[in-house]
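In mature numbering (1 follows the signal peptide of the UniProt record, and there is no 0), the protein residues as written are -22 to -1, 1 to 475. Don't be surprised by glycine CBs; every beta carbon is placed ideally from N, CA and C. As the structure is a prediction and not an experimental result, all values here were calculated from the model. First up is the structure itself, then whatever we jot down about it.
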């Protein structure tokens, strides 16, 4: 693979899931390699089916008994209370307060005010019939500077949240890291510094010992790929660095942190299950040429196998290592024993699916399907089936939970105060059906968490995009169940479509 192609691969990589902000860099209408993309009409929410007050017909698609339905959020995107009760500063506080970084100058200082309104939000979850709630714990709320004595007020907040979930018969699923690295650790080198992985293991141990008996499922690192690509290649996510050499050293240290956290849970005596949360993208050749096939294979290495192989096979994919080269910071940063730590046995894999990727012979990308408001997201439900069956085929029958899948829509309350997000209903219905087919073909899928429970701070897009089942009026913090929320409640009740 030529250096030119690799650079195109790396530039394109930042258009992965949650790569908000690409539209602001002038990519609309072209691929990352500068190739004209096919013209497609926006899908999903732009052309929703006509509104109907009747419930959807029963399609007869039932999920297995005991299948778990949930919704997901993350701390910085919903909590607010950025300077309260001993919380320290995170890289996202710094990044969002830097002029020009976030659309409209938005920050997560208040967000959906979940820190103060968590009881109300728990009642919403109960009313929706959720079985599971996937949330994240804010590292700087537990350790303001990323190390040392834990902040009891921070731990107490999550205790109250977890207890409230149990009181409503909702299973907690806690993510240890959803991108809000304490700024003090960033000042000491961040994820480029191997020591940060050690600090993460210490933080994880604190949380396990405080909450471990009440949390049945733990997720370690959320989407390490997005930190690598968007935070260190493109720089439109925190910490806002553009350094390809640093990016894949960061990838290694994030994977190392994952493995150390798995070991910390085992050492703590915790009985909860644990695994990583990976955003995976099925990669397809854009045409039938041998060049597209070869480029797609390498692309898949950077997008998927870099994280899957190290976790489940104890080795990084050789084609990616060869492409990076022996003098890369990542290759030089791998020490004896690191891959054994990274491949510490896990209990499950959390999969997050948003979009497919189509790769041309020279490493460019083309669009084949309609896109959502997030222009990087092609709407292709079949990709859900493909990625789930591929994981099971290539890595064995590891239990899988879907922890993110969703669609942004231009949601606005109508004259009656309701939010008719019919396009989101269609999107979720089609993806649920694809997941159901994957289960029928042998995928050990246990649960499905819609992204997101609430409208929230959508990273570089600020509050411009709404992904929630629940509409949030940010001025009043009033919550309104959207049409998709009412529909999802029926799906949960029927355990199917």
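Quick check: the Cα distance between residue 307 and residue 228, rounded to an integer number of angstroms?
9 Å
Does the stretch 98 to 111 come close enough to the stretch 48 to 55 to have 3 or more Cβ pairs within less than 8 Å?
yes
Option in 378, 295, 304 with minimal Cα separation from residue 324:
378
Exposed or buried, residue 361, counting other C-beta atoms within 10 Å across all chains shown (16 or more means buried)?
It counts as buried.
Apart from the five residues on each side of it in sequence, which residues of its chain come closer than 7 Å, Cβ to Cβ, to residue 473?
Within the same chain, residue 473 has close Cβ partners 40, 41, 45.
So what's residue 424 in DSSP terms, helix, strand or just coil?
Strand, per DSSP.
Residue 135: beta carbon under 6 Å from a heavy atom of the ligand GDP?
No copy of the ligand GDP appears in this structure; indeed no ligand is present at all.
Of the listed residues 120, 451, 335, 232, nearest to residue 434 (C-alpha basis)
Per the Cα distances, 451.
Specify the secondary structure class of residue 335 as computed by DSSP and reduced to three states.
strand
For residue 290, the three-state DSSP class (helix, strand or coil)
helix
Should residue 337 and residue 274 be called a contact, given that it needs their Cβ atoms to be closer than 7 Å?
yes
CB residue 131 to CB residue 64, shorter than 7 Å?
A contact, by the Cβ cut-off of 7 Å.
Can you give me the start and stop residues for the beta strand (DSSP E) that residue 330 sits inside?
327 to 330
Less than 7 Å separating the beta-carbons of residue 257 and residue 201?
Taking 7 Å as the cut-off, the Cβ atoms of residue 257 and residue 201 count as close.
Is the distance from the Cβ of residue 124 to the Cβ of residue 162 below 7 Å?
yes
To the nearest angstrom, how far is the alpha carbon of residue 249 from that of residue 242?
12 Å
Simplified DSSP state of residue 417, which is helix, strand or coil:
helix
From this set, 347, 384, 296, which residue's C-alpha is nearest residue 329's C-alpha?
Minimum Cα-Cα distance from residue 329 among the listed residues 347, 384, 296 corresponds to 384.
Close Cβ partners of residue 245 (< 8 Å) along its chain, the five nearest in sequence each way excluded:
183
N-terminal and C-terminal residue of the alpha helix (DSSP H) that residue 223 is part of:
222 to 246
Just how far apart, CA to CA, sit residue 314 and residue 426?
37 Å
If we count Cβ pairs, one from each stretch, closer than 8 Å, do we get three or more for the stretch 116 to 123 versus the stretch 159 to 177?
yes
For residue 190, which three-state DSSP category applies?
helix
Count the CB pairs spanning the stretch 289 to 299 and the stretch 341 to 354 that are closer than 8 Å, and state whether there are at least three.
Taking 8 Å as the limit for Cβ pairs, the verdict is that the stretch 341 to 354 does not touch the stretch 289 to 299.
Spatial neighbours of residue 364 within its chain, please: C-beta separation below 6 Å, excluding the five flanking residues on both sides.
260
Would you call residue 390 buried or exposed, if buried means 16 or more other Cβ atoms sit within 10 Å of its Cβ?
exposed
To the nearest angstrom, report how far apart residue 96 and residue 276 are at their CA atoms.
44 Å
For residue 359, is the classification buried or exposed, using 16 other Cβ atoms within 10 angstroms of its Cβ as the cut-off for buried?
buried
Looking only at its chain, what residues have a beta carbon closer than 8 Å to the beta carbon of residue 36, apart from the 5 residues adjacent to it on each side?
Cβ neighbours of residue 36 beyond the five flanking positions: 472, 475.
Three-state secondary structure assigned by DSSP to residue 304:
coil
Should residue -2 be labelled buried (16 or more other beta-carbon atoms within 10 Å of its own) or exposed?
Low confidence applies here, because residue -2 scores a pLDDT of 38, under 50, leaving its location unreliable and the question unanswered by this model.
Cβ-based neighbour list, residue 193, same chain, cut-off 7 Å, excluding 5 preceding and 5 following:
140, 150, 152, 250
Got a sec? Which residues, its chain only, sit under 6 Å from residue 90 by beta carbon, not counting five neighbours each side?
56, 432, 434, 450
Using CA coordinates, which residue listed in 322, 293, 319 is at the minimum distance from residue 309?
293
Would you check if the distance between the CB atom of residue 199 and the CB atom of residue 128 is smaller than 7 Å?
no
In the structure shown, what three-state DSSP assignment does residue 457 receive?
strand
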